[in-house]
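Q: Sharing a structure below in structure tokens format, with a few things to ask.
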Amino acid sequence: MKIGVLALQGDFREHLEILHSIGVNPVAVKSKEALDIVDGLIIPGGESTTIGKIMKEMGLFDDLKKKIEDGLPVFGTCAGMIVLAKNISGFPDQVRLEAIDITVERNSYG
524 MKIGVLALQG
534 DFREHLEILH
544 SIGVNPVAVK
554 SKEALDIVDG
564 LIIPGGESTT
574 IGKIMKEMGL
584 FDDLKKKIED
594 GLPVFGTCAG
604 MIVLAKNISG
614 FPDQVRLEAI
624 DITVERNSYG
């Protein structure tokens with residue numbers, strides 16, 4: 524099983540390191556090709572607006588959204604959870620995957 528960490532912005536290095544420390548050989552996901560080979564994905568903390576914009580700019584957003592809809596297991600920490608949320612209180616136009624039926628509140632920039 525290959526676990527990916529979305530490696531666009533934020534604390535992806537820490538997630539990769541902790542996975543290595545428990546014997547997992549993670550994939551740093553920075554491209555569609557890397558996304559295509561993972562069986563699960565972690566979206567790390569960082570700045571959720573920036574993560575969303577970079578996903579769009581790099582052409583990853585639509586592919587990731589489709590993979591999640593098709594059943595790709597995904598876990599988000601901090602900003603990663605915000606990106607996965609269906610609704611972001613006070614930020615209706617922020618780019619998000621709408622993968623989890625939750626409403627989150629951002630802590631200003633996050």
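Quick note on numbering: the sequence shown equals residues 524 to 633 in our numbering. For every residue, glycine included, the Cβ atom is placed at its ideal position computed from N, Cα and C. Keep in mind that this is a model prediction, so the values were computed, not measured.
Check whether the segment 552-561 touches the segment 597-613, counting contact only when three or more Cβ pairs, one atom from each stretch, lie closer than 8 Å.
A: no
Q: Is the segment 532-539 in contact with the segment 572-588, if contact means three or more CB pairs nearer than 8 Å?
A: Taking a cut-off of 8 Å on C-beta distances, the segment 532-539 touches the segment 572-588, as three or more cross pairs fall below it.
Q: Would you call the CB atoms of Ile565 and His538 closer than 7 Å?
A: Working through the sequence shown from its first residue, we reach residue 565 at position 42. Working through the sequence shown from its first residue, we reach residue 538 at position 15. Result yes, Cβ atoms of Ile565 and His538 sit closer than 7 Å.
Q: Rounded to whole angstroms, what is the Cα-Cα separation between Ile605 and Val627?
A: Taking the first residue of the sequence shown as position 1, residue 605 is located at position 82. Taking the first residue of the sequence shown as position 1, residue 627 is located at position 104. Roughly 6 Å between the two C-alpha positions.
Q: Around the Cβ of Gly546, are there at least 16 other Cβ atoms within 10 angstroms (buried) or fewer (exposed)?
A: Walking along the sequence shown from the start, residue 546 turns up at place 23. Exposed is the call here.
Q: May I have the straight-line CA-CA distance separating Ile591 from Leu620, to the nearest angstrom?
A: On the sequence shown, position 68 is the one that residue 591 refers to. On the sequence shown, position 97 is the one that residue 620 refers to. So the two alpha carbons sit approximately 9 Å from each other.
Q: Out of His543, Ser544, Lys525 and Ala622, which one is the CA nearest neighbour of Gly603?
A: Translated into positions along the sequence shown, residue 603 becomes position 80. Checking every option, the nearest Cα to that of Gly603 belongs to Ala622.
Q: Evaluate Gly582 with the Cβ neighbour count: other Cβ atoms within 10 Å of its Cβ, from every protein chain shown; 16 or more gives buried, anything less gives exposed.
A: The sequence position of residue 582 within the sequence shown is 59, counting from 1. So Gly582 counts as exposed.
Q: Keeping to the same chain, check which residues put their C-beta closer than 6 Å to that of Ser612; ignore five residues upstream and five downstream.
A: The residue given as residue 612 occupies position 89 in the sequence shown. Taken in chain order, the residues that qualify are Thr626 and Glu628.
Q: Can you grab the Cα-Cα spacing for the pair Asn630 / Lys553, in whole Å?
A: Along the sequence shown, one-based indexing puts residue 630 at 107. Along the sequence shown, one-based indexing puts residue 553 at 30. Distance between the alpha carbons of Asn630 and Lys553: 26 Å.
Q: Rank Glu556, Val550, Ser571 and Ala551 by C-alpha distance to the C-alpha of Phe614 and give the top, closest one.
A: Here residue 614 corresponds to residue number 91 of the sequence shown, with the count starting at 1. It is Ser571 whose Cα lies nearest to the Cα of Phe614.
Q: Taking all protein chains shown into account, do 16 or more other C-beta atoms lie within 10 angstroms of the C-beta of Gly594, making it buried, or fewer, making it exposed?
A: Reading the sequence shown from its first residue, position 71 is the one you call residue 594. Exposed is the call here.
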